[in-house]
Structure formats: C-alpha cells, structure tokens
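Protein chains in written order, with this note's numbering: chain A, 1 to 291; chain B, 292 to 582; chain C, 583 to 873; chain D, 874 to 1164; chain E, 1165 to 1455; chain F, 1456 to 1746. We treat Cβ as the ideally placed atom computed from N, Cα and C, and that holds for glycine. Because the structure is a prediction, the values reported are computed rather than measured.
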C-alpha cells in the first residue's frame, strides 16, 4: 500500500495564496467547487480543506500528519503542535499580518490601560483575553462574528482586528493603540508523524520546496560579461552576502558573472554595474531558489 | 432634530436578498465597499451592517431599534427580542432554510439516539446542545468554524448544518437524519422602541411594505374581457380566495375582470379561462401587493 | 403514478431563446452544466436536451411525446411528425432564419443554373440535394462540418448557409443567389401522443402559453382617460383590429380606455392620441397576451 | 424619396443615458463599435454620433436638423440654436449637472474676488472667461485637457469643473466656492428645420415621447378597491395634484381607484391608504406617462 | 512573388491550444471574430480555419500544403495524407484523447460482443462501423449530432464518445466498456508539397519549432554550484538520460552545473541535490527545448 | 529631508502601457481610482497623473522635474523641454503612432494641395496649421473634440488623425493622403533639473532602466552546447551584431554558447543552429537587457 501524508490545508483567506505557493514549489493542487478534498499531482499527499482556525487542533489530535495555518490561530486554539518552518506570507502578500488593538481616531483611549472596564470585540477572543490579563486590564472582551471594524466606537469601545496593509483601518477611521501579535503562515506537524521516518522526510522535503519557492519571490537572476580587470569594481557593487558565480569565457580577458538579487534592488544596482564596466547585462525570472 | 430609526441590517449571506427586498418595497439601499453604514433614500433610517449572528443581541441591548435576521440566529443567541413579522425568504430564495443533522450516506447512524457518546460539529452550537439535551442524548458537540460538511465521517461522526436546496449535502454524499430547525427571516424590535409612538409606526409601515413586496414575488396580474353570460363559468376557474375586480364595460354585455394570481398557477388557469369564454387575456407584472 | 409529458428540448443555438420563452410562458427551466435533463417547475414535464437536428427523429420514433425544433431540421431529417403550432422565433430574435445559396461577391454565378457541375458545401445536405434535383441542376453537394462561409470561392464554388441578419454573410463578402428555405421553430408531436387525452390537452395548453408569451413580445399596454365627446376621434387613431376596453369613470363625462398595441407603433400613436383629446396616457409592460 | 430627420447624438458621457431614454421612448438605437452612424428602428431618423461640445455648432450650421446636448456646451460654443425642450437628465442620473469653481479645502480663497491675478484651469474656458469678466475679476483662465481636479492647489489656484454628486470633489478634497452654471440635456433645432412642416412635427413628436419616457422614471401605478363610503378619506391621502381614475365595480358599494405616483412617495402613502380603508392595493411598473 | 505555405488550422476545440502552441514556438497568430483567415507574424504562412473533421480531406486534395488535426479525424475521413510529426496535445491538455465505447453504469453490457443487434450512437461513425465489423459484431451504428452522452441507456444502448479526463463520463454515470482509439494532434502534408524543396523545408522547420515548444511544456532549467569532490554524488541524483552542462568556475574547487528536468520530478530531485552537496540551486522557466 | 524627483505621468491612452513598462523596469506603480497621485515602490519618485497634452508645458514651467509624453504633444504644445531619451512605444504596442491627413476613400483629394480653401478637422490643431502654412495651403483648420474620423466627407473635407494600425481608418473607409508626424514616447526634463546633480543621475538611471526593459521586449535568451569543431559554423548562423557568450565545458571538446536574440528571428535561426551541430538548445525568457 502506498504511503500518504495527510495534510490539513487552510480553507478561506489563506487558500489561494497557499495553492499558488505550492504551484511554485512544483505541486499542482486542484480544488473543485463543493469538494473539500483537492487533488494534486503529488500522489503521496492526501489533502483536506479545513478552516485555518481548526487546523492546529486537528494536527494536534493526529487527524492530519501536517498542516498549514497562521501563527495567530495556532496561538488562539492553544494547540500543541511542532512547527516545521515559518513561511513568510499571508492572505494577500509576502509579509506578516498583524492583530492590533484599535479605537476610533477621535477616541480618548491612548493605551490598553485606558480600557479598564470597557467593552472590546474581537474574533481572536482567547488570545485577547490572555493579553489583557497579562497587562492586568479588566475589560469585557466579547466574540465578534465579523464586520468588527464597524463596531469600534458604536457597539464597543475598542476592537482587536487583523490588518495587512492598514488600508481597511484607515477607511474606517480607526487608530492603532497597540499591536498584540504578528503572524505568518507555519507548516506544523505532530510528534507521531515525526516518529515515522518516511513522513518525517516527506515533511522536510515539503518544507525545503516551499521555502525555495518563497525565496524566489521578488528575486531575479542577473547575468553579464565582465572584463577581468573590472571584476573587483563590479563585485563591489553587489550586496556583500550574494556570492556570484563566475565562469571563464573563451576570450581570456572576460568572465561571465551570474548573481541572484532582490528585484527591488535591481533599479539601483544595474546602473552601477554598467558604470563599473559590466556589459550585456540581462535580467531573467526565477522559479525557485534553494540556498 | 429629525427622528431616525436605527436598523441592524444582516451583513453576509442575507445581505443581497434583503437589499433586493427593500428595493421592491420602495427603499433603495446603497452599500459602498468597506463601509458598514449603507445610505438609503429613506432619510428616517439609520442603517448599520452587522452579522446575522449578532443582530439579535444588539437589538435586545437597544443599540438598534429594529433589525432583520434569521430565526435560527435569534434562537442561537437567545436574544430577548420582539418579533414584528415573519418574512418568508432566506439567502437564495423565497423559502425557509433548514438546519439538519447529517451523517455520511453509508453511516450506520439512523437516529439522534445513535449519537450517544459520539462527536458532532456545528456552527449552531448552543441550539444543538439544547436539542441533544432535550432528546437526552449525550454527545460531544463542538463548534465548527466552517467547511462543516467535509467533517462528517472523517473528523466527527455527524454534523448539524444549514441547507436550502439540499444540493450541497448531496454533493458531499451526506444523509439527513433529522431536522432540528426551520428558519425564515424576521423583522425584530425591542420594548423600548415600541414604546416610542413614532418608532412603532415607522416599524409597522416598514413591515407593511416589506410584506407587500414579498407578496408580489411570484404573483402576476391578469386582465380580461368576459361576456356577462360567461361570468360565472370564468370566476369558477379562479381560486376561491381571490376576489376579482369586475367593472362594467361600455358595451353592456361585457365586463372587465381583473385578478391577482400566483405566477405558477397561471399555466393551468389561462387555458381554462380561455375555454370558459374569457377574451383578450393579458398578464402583467406587479411590484407590490397589500391585501 | 403521475402522468408525464416527455419533451425533446433543443440543445444548442435554440436552447437559450427557448428557455427564455418558457419562462415568459410561466415555466421555469433550469439547466445544470453537464446534465442533459433540465429540471422545471412544471412537474408534469420530463425534459431532455437533444440536438435540434435529431428531435424530429426521436419524436417520430416515440421517444418523446413532443419536441421543439426548427422547421429546417424537420425537413432535413424527413421525420414524420405532427406540427402543433408555429412559434415565430429563432436563435437570436423574433423572426425566421433563412437558408440561402451564397457565392463570393465577385463570383460570376448569378443563379442556381450556373452551378451545373460545380461543388457546393452545406450542413443541410439532404434538403439541398433535393432542391438541386428539383431544379434539375447536377452539382457535387458535400457535407460541411461548419465554418462553411469561409469555403465559398476557396474550397467550393457555392455554399448553402443559415442566416438571420445577413451580417455574417456581409462580413465574409458573400452574395445571396437564392433562398432555399425559411424556417421558424415548431412544437411537434406524434399520433400516439395525440391519442392520449391527457397528453393531447397538455400539449395544447403548452402551445397556448407559448403563443401567449410570444404574442406579448414587443407589445405594450396603453391606458388613458378620454372625454366622451372625444371618444370617436381617439378610437379612430387606434389600429382597426385592436378592440379597446372602455369603462365608465365616476365622472359621467369621462371614460377609461385601455388597449394593447405593438411597441413599435406607439411612437406614432401616442402623439396622435394626445392631439385627439386623450389625457393621462400611460404605457405599461405585459407578460402574456391570449387573444 | 423618404424624408429623414438628421439628428446629432451626443458621443461620450451622455451617450448611454440618451440611448436608454430613447429606448424607453420606444426608439431602439444600436451603436456598433467603430461606427459613428447608429442604426435605429425609426426609419425616419438619420443619426450621427458627435461630441456634445460640437453638436450645437453643427445644428446651427444646418448639418443636423436637431440634436441632443448639454446646456453647458450650448453656452460654451455660443451656438445660435432653438431649444425644443429641456430633458432633465445628465450622464449618470435624472438630475442636472453643475459647473463649480473649486479650491482645495484648505485654501484661503473664499469667493471669486480672491482670484484676482490667480491661475484657473477649466475645460469650459469661454464660459468661464465671460463669467470672470462679468464679475470684474482678472484671472489667468487656461484650458485643461482633463484630470482637472488634480490641478487645484498644485498647478493652478482654482478650477472650474463639472460635478453631479460631488463625490469626486470630496475624494480630491476640494471645496466649492461658487456655482457658475446648472445644466441639463436639451433637444435643439434650427430655424430651417422648423420651417419644414414634416420636420417640425417629427421633432415635436420626438420631444413628446422623450418627455413621456422621462416622466415615467421613478413613477409607478397604484390600483386598489375602495368602499364608496371611504372614498373621501382615501383620496385625501393622495397628493392634491394627482387626479385618480375612479371606475364603478359590479358591486355597487365599491369603486376601483387607479393613480400614478412617484415611487419614492409610495412608502409613505401605501400605509396611509390601507389605514383609510383601501383594499387589494397593487403597485405596477410603467413605461411612459403623457399628461 | 513570395512563397507561401498554405496551412489548414483546426477551428473549434483544438483552436485555442494550437494557437497557444504556435505562440510558444515563436509564431503569433491573430484570429479576428468572423474571419476564417487568421493573420500571423510569419509572412510565409497563409492560414485558414477549417473544422478538424475536414482538414485531412483538404490536405489530401491539395487545397492546403499542410494542416493540423487530430489522428481520430484523419482516420474517420480516411484521408490519404503524410504525417510529418505527432504533437502530444489535445483540446485541453498535453495528453491524448480517447474514443471509448460506453454504457450506463448499471447496464448489463460487459463487452462489445454484448452489443450484437443493439443501437449505438456516435459522431465518429465510419471508424466505429469498421471497428464493429472487425470485431464481427452487427449493431445499428447511427450518427449523433452531439449531446451523445445523454443518449446512452435512453435513446440507444451504447455510445462511442470522446473523453479526455473521464469527468464528463462520470458526471453522466457512464461506464467504459472498451477503448477504440487513442488520438493526438498531427502535422500532416501531402506528396506534392513534399516535392517542393522550399515547402518541405518550411514544414520541417515548423515541425522542429512546434516539437521544441511542446518539449518545453512542464520542463524547467536547474542551475547550481557544485564542489568538484561532490560532483559524482550530485550527478548520480540526476536522471540517467539528462546530460548536464558542466562549466568551470573561477574558484578551481567548484563547477557550475546546469540541467533541464521535468517540472514534476523536481520536487523529488531538489531535496536530493541539496543533500548531495549542491549549493545555490535555482530553478528557471523555459520557452523551448530542441534536443 | 529625502530628495524626490517630481514626475509627470501621462493620464489616458499612454497610462497603462507606461505603468507596464515601469513594472518591467522594476518600479511598481499603483493607481487608485479617483486619485491623481499614484504610489510606487520607488520612494524617490513623486508621481502625478496629467494629460499627455499638458505634460510638456508643466515640465517646461518646472512643476515637474521630468515627464513622459508623446513627441506629438510636445510639438503641439511648443513646450521648450530637454529630451532625455526616446522610448519606442505608444498606447497599444511597441511602435510609433502616426498623425495622418485622411479623406474618404472616394474623395477626389489626392494631395494636400487639393485642400486649398477646404475645411479640415483635427485635435492636433497648432501643428496642423503650421504644416499647412509650410505647404502654402490655405485651409480652414478647426479643432475637433473627438470622433474625428466620422467627420471626413460629412462635416469637413479632410481630417488629421492619429493611427497606430490603420484599422480604425479602414473601418471608417478613409484613405491616407499624407503623413504629418511620426511620434513615440519621450522622457523629458528641463534645465533646472539637470543642474541638480542628484536629479540628473536619478533621471539618467530611470532612462537606463526603461530602455533596458524596452530592449527586452520581444527578445529571448538561447543557450546550447556546441562541439568546438562546429563552433564557426554555429556562430555563422547568428546575426553578425550579436556577440555570443562562450564558456568552456568540463568536456574539453564542447563549449556552452549563450546569446540574446529577437524572438521573431528565432523561428529561422533555431532550425539552422540545429543543422550546424548545436545540441540541447533551450530558449528562455528575459526581463531586461542593458547593452
């Protein structure tokens, strides 16, 4: 019988970006509408869609060997799981999300201390209650089913809400008082799966590929011809940590230089490379990077 | 200062159908993205979008004078509110929704009694717990954040889930064991609002218009010319409860007959009317009906 | 056991316009993707989607009690069926389609006689062969799987092709030489179904409703108040065949006049009615008209 | 030879709403992409699309017999034309547009007088120059090709810009200093066309139908049965200017009452009608109203 | 006069995937609606859209020098053509399609032998008749215009139908009895075109480019730095048939290794490469591969 | 305080293609609806959207340090600006646009001389007037607000209009008499900005990146293994100007050859390379090329 890794996959806001990341990592996942069991071209995976909020619990209980979910919901659920790796993306980009305590722009509340005896609404209720307790503030923290932003200043005094870019908070004229939690996506597993040699290696390979695909995000390859006498000047332009690959050309006075860079630095570096003597600079796209 | 009725409006699955119903009732509501305060052309309304699950609570607490939400969530929240009227629609049609106890098609569970000591997942957790207690069945009822259908038979033994047409249950190969609750939308208010004469009348007018718009759904008007000697035969074809409007034509041998009917009955009635002697039958659309 | 009328429904180009017509007639048909058995809100119908080309054959063989298809395909298949009624619509409008013999604009062919010994492509191959034989022209008529318009002048000398508005012929720079066939949709049945009293009445009712819905297309209702002394002048403006409904108003000098007219005539008639003394003219939409 | 009315039709922002209005008036206009000569089902019209800004000029010069354009562009171009009727709609609704003098919210400019020696950008350059001259303010008024709102406070001191709802001004944080012009759509013609009897009548009929279609906007029909003894109370609820149509029912104690009302008043009137004794109130939609 | 290769291009289900393949091969084809003569940026091609079913015939007759169509329709039409190369794609993917004999899941028919004296519907009528004859089974094989899946078990006993993924068969609850034919796309030509030196080379170049573009589908490039002492271990991980390109780096202890791999193998190979000592592994996309 | 380069960005037809070009150059620009101040990920840019027609003027006046606009509008406005570089793209492709003098196909006008005393409409009014004066032709040149193509032959005798592909002229049956101006996009600046060392370098870097991104358009990379003895034959196939990068492989008889080529030449070159002895040819995509 073929071995399978049972994988809890986050249904909802993380779903599309996680499918996209798997695709870059070389695993195509196909979700058909109304089905909770996506197919994939990796026959060793058995994938099930479950809400991010619940993946921690089901990995802990052993229903899944591994799962992908946000650090925030791992904390909220209190699930006892092993983190395999951190993956720095969230629902709409390659950056963490933040849970923040917010009040209306015009509110007199300046710090969490001012919320003593007040009413706070949030979807992240367990974590928030602990956070208030740790800060020795007694407040009435109530569960919000959603549309939380609208409640601040009307139905409650403050909210604890998720934000990625802050634009939704600005649109609702809210002010951030304090950040409670920064969260990225995590690949998690449990002790039983790690005790199985095949599963352990499968999970580690998955982590390697997902990290390789994430690393290639926003990175590009640069190739150029450099006269040997200009090589020091050219390499001085490159970020210290990036070791370029240098190979001899047929013409003994020239080498080919190849380097991987962050796309956003290229607009500064290319003009500098050209001024330092590099020629025939080309930039090309990447799929994956495994350092 | 102008008087305002504060109205809790259901954000989410009921939102679009409720906006549509208000439009038919003559009140245009305009929701801009990211805002929780829709504008309307009824300057006496102050509308706020809140999740269906929470509207009962906020009407009870007096944050709203009135609200629209499902009977299911009124029960679940246990909110103490006054029901103004029942409105027979739900998220995708003019019929009630049902919360049903489901198991996989192949499961051995035949009745709620078979769930003693088993695990049940549902979003309607309070109501379900009470229902099991009333049936004297001890089961582990746990809250589900969503994607509940996938859990039956894998993560839990049974689920309690919402269904409108049953097609999603069929697609997930689930069998209904028992119906826990039938739910339609309700216009609700509280004692304080009813004690204010202006608010009371405003709420009653709103109920009248919403019921009038709902009544026109699936109804059409029929007009025809009838020779007086055929009048009895023609009226015999019409449903007993529908009193037609009959007016004299200039030609003393003919009357004009006008009647409101359910659209779905028309395909039977029109051929019968024609055979009974009616002529020039026309069918026309309606916006509202107030009996 | 409930009685059912088995109805062959045209899959393809006629499908959407036929569903639309049934809806206006009061019967909602719902086609789900990949299923050939649409559901409807008329429980006495059992509907199956079959290609227009084949409906005649299957009605003749008794697989269906009745069917809707084009007159062209009834002719082409040579099916022996009974026509219940003609319905004047085709795939994209309320008018017949035409099968025409076409050649490139610059071709020397002026009449069918010039095609002696030439090559002709068409999807309507049997009918075309008979037509050429009747005209005593020997030509090589070959079956075309589609994209027929492109073939005229390149792969063959002439084509016989369907046209509704002629715009596709113009776009392909083709000239019409002759019209072979004018076709509308037909409701057809067979002798066996007509021998069953229940089926016969069901088919006749269906014909009545479909014709009523078609009749309302492009028609509107007009209502106005007319001083009795202007009544003759006002009615003189109306088309002779349209008998208006006239009813007495409370004010003895005035009557209410109501009439159904073609929408396209209204732009001439309304100004004339107003000049003749009619007041408070309103125009309203119709669903169905059964004369 | 058939007579034709040459009609200048506004290409651009007014185009869609004007086509929509013609459709309600009973004239279907079909614009194909890239063609400036829309077809219509009124064979007496010859329509050409021209920019609103230029229609006045071409009607004046006699290239067109009639045209539809905004009052603002008639003023701007200074064209000598005859106005047939005012049509109260503009590009996105049934209300006038306004040209307003705007400055940034924080600007010190409070009135047009403060613009002495300043720089003003606008698309409506001739009208604005005359307006400043009339107000004896010397300013540098320059033509703006568009994106005018962005210029206020950066590239120029003030702008004169079109606004319908004010939302674009608010989004750009602009404050209105003064209104220069209120504009609606006009049907215009010239002396030569009016001297032709056929053209004159054609233009007048067109005006009648367009006004009738506009009048039906936001209007609905109401029909109800009223006991004769309650008739005074019921009619007292109706707006004074709306004369209802009252007809006798077969039952001598009852009359049928029919009236046309503004849709937005219905939400107040229907509850009142019901309390006054009306029964079986139905509301139905209208296409046109010709008073 | 410029030489031209007349190319028959498959209109319909193969059209989009063929245009896509040409694009990858470096030839941009632009189809405008209603035209059967797509333009391309290869001025030596003269392309015409014709149905897949007919391309074989027209290549045989010499109307086209070459064409692209499915192997199934070449067989069905019995056209005598020369196959230049097989291209392994079909309408929705890079795999063959299959024509299969199907019956309803519950049918008693287990093999083609059970169809003696039965009725079979198919679009591939000639091929199917020959296949039944070869199997010495006499059945009534009739032409189906489409919607064939619905017919099995209702109108006929079995069907022969096209399938790519089998999902449509499953949706219609059909069981495959036997596979008649596996088909991919073919580039075909005729003897006359091959006798023309210019056309022969043009067709061969086209084949080379199309195969190169197809080969790059699902392939990726991998580049890495390898210590010379680990080179054997690293190359042992690579598939035996893939000869990597190895070049010396400036640092004498390291080489650069570059290899082209199937994307689907990468998820296994990358972790192994890393464990074998490769560093700085990057994966990059490819357009074409010509071995 | 951070330095900023104020950049005028063309709102309207050039906007999308310019944003696309910046993205390829490594600068992401984000335009939100209704805002004229796009954000970008280059914090040294301060971007404002202004009409192409006006950018020259505002760069000249120093409101912007640099801007992107068409050469046509620089000429039309007569703005005194410094051109940094030409960028060979326009609104819908990588080629210049042309302003041409057009008349109806059937017009008798054959050259500009035939327009003496005639009427000409154009949006490019200043340039056209100068052009007619230079050609010593007196014509009535009038400003057109748009829809200019429709005017030729009806409202005026000729027009001067923009064309990219000529398809719109053909659709309106216009014939080109003469070309007045060929225009591409330009990066422009003014003397004051060039006098600021930081701004000068920023503008030059921007030019380098935009040209690099444009250069990569339609270019691809080709990599192959070549036996040393075939190297001369292989390089003879390559365009003379393209210097390939050649590096030694571990196997002393082989080299790796890498070259950048125009994508449209590849369909000729790849077959030739293969015939010359190259193996394992792969083609890969590029982002940027800096020679």
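- Counting along the chain, the unbroken alpha helix (DSSP H) around residue 1527 of chain F starts and ends at 1526-1532.
- Residue range 1092-1100 is occupied by the beta strand (DSSP E) that includes residue 1098 of chain D.
- Bounds of any beta strand (DSSP E) do not take in residue 904 of chain D, whose DSSP letter is neither H nor E.
- Chain-order list of chain D residues neighbouring residue 1601 of chain F: 884, 885, 924, by C-beta distance under 8 angstroms.
- The DSSP-derived three-state label of residue 1735 of chain F is strand.
- The Cβ of residue 1101 of chain D sits no closer than 9 angstroms to any Cβ of chain B.
- In terms of beta-carbon proximity, residue 1161 of chain D stays away from the interface with chain B, with every pair separated by 9 angstroms or more.
- The C-beta distance from residue 976 of chain D to residue 1031 of chain D rounds to 5 angstroms, short enough to fall under 8 angstroms.
- A distance below 7 angstroms between beta-carbons, with the five flanking residues on each side excluded, links residue 442 of chain B to the following residues of its chain, in chain order: 412, 435, 450.
- Per DSSP, the continuous alpha helix (DSSP H) segment holding residue 16 of chain A begins and ends at 15-24.
- When CB distances to chain A are screened at a threshold of 9 angstroms, the residues of the segment 440-472 of chain B falling below it are 440, 441, 442, 445, 446, 458, 459, 462, 463, in chain order.
- Residue 1636 of chain F and residue 262 of chain A have their C-alpha atoms spaced approximately 42 angstroms apart.
- Between residue 119 of chain A and the set A:26, A:153, A:111, A:2, the nearest pair of CA atoms involves A:153.
- For residue 505 of chain B, the secondary structure class from DSSP, reduced to helix, strand or coil, is helix.
- Looking at the DSSP output, residue 159 of chain A shares a beta bridge with A:102, A:121.
- Annotated three-state conformation of residue 1415 of chain E is coil, per DSSP.
- The beta-carbon separation of residue 1039 of chain D and residue 1163 of chain D, rounded to 34 angstroms, does not stay under the 8 angstroms limit for a contact.
- Under the Cβ criterion (8 angstroms, minimum of three pairs), the segment 1179-1196 of chain E does not count as touching the segment 1220-1231 of chain E.
- Distance between residue 391 of chain B and residue 173 of chain A, taken at the CA atoms: about 41 angstroms.
- DSSP places residue 723 of chain C inside the beta strand (DSSP E), whose first and last residues are 722-725.
- Ranked by Cα distance from residue 1354 of chain E, the options E:1245, E:1277, E:1250, E:1215 are led by E:1245.
- Residue 1301 of chain E and residue 638 of chain C have their alpha carbons spaced roughly 29 angstroms apart.
- The CB of residue 898 of chain D comes closer than 8 angstroms to the CB of 849 in chain C, given here in chain order.
- Interface annotation, residue 1204 of chain E: not in contact with chain C, CB-CB separation never under 9 angstroms.
- Here residue 493 of chain B is buried: its Cβ has 16 or more other Cβ atoms, across all protein chains shown, within 10 Å.
- When A:278, A:60, A:90, A:168 are compared, the shortest CA-CA separation from residue 234 of chain A is found for A:278.
- Burial is judged here by how many other beta carbons sit within 10 angstroms of a residue's own beta carbon; residue 1508 of chain F has at least 16 and is buried.
- Residue burial annotation: residue 903 of chain D is exposed, with fewer than 16 other C-beta atoms found within 10 angstroms of its C-beta.
- Taking 7 angstroms as the Cβ-Cβ cut-off, the segment 1698-1730 of chain F approaches chain E at 1702, 1703, 1704, 1705, 1711, 1718, 1719, 1721, 1722, 1725, 1726, 1729, given in chain order.
- Just measuring C-alpha positions, the residue of D:1029, D:880, D:1140 sitting nearest residue 988 of chain D is D:1029.
- By the Cβ neighbour-count rule, residue 1175 of chain E is buried, with 16 or more other Cβ atoms within 10 Å of its own.
- Sequence-distant partners of residue 596 of chain C (beyond 5 residues in either direction) whose C-beta falls short of 8 angstroms from its own C-beta, in its chain, are 634, 650, 651, 652, 672, 673, 767.
- DSSP, read as helix, strand or coil, puts residue 1273 of chain E in coil.
- When DSSP states are grouped into helix, strand and coil, residue 1711 of chain F belongs to the strand group.
- Interface residue (Cβ-Cβ distance to chain E less than 9 angstroms): residue 1732 of chain F is not classified as such.
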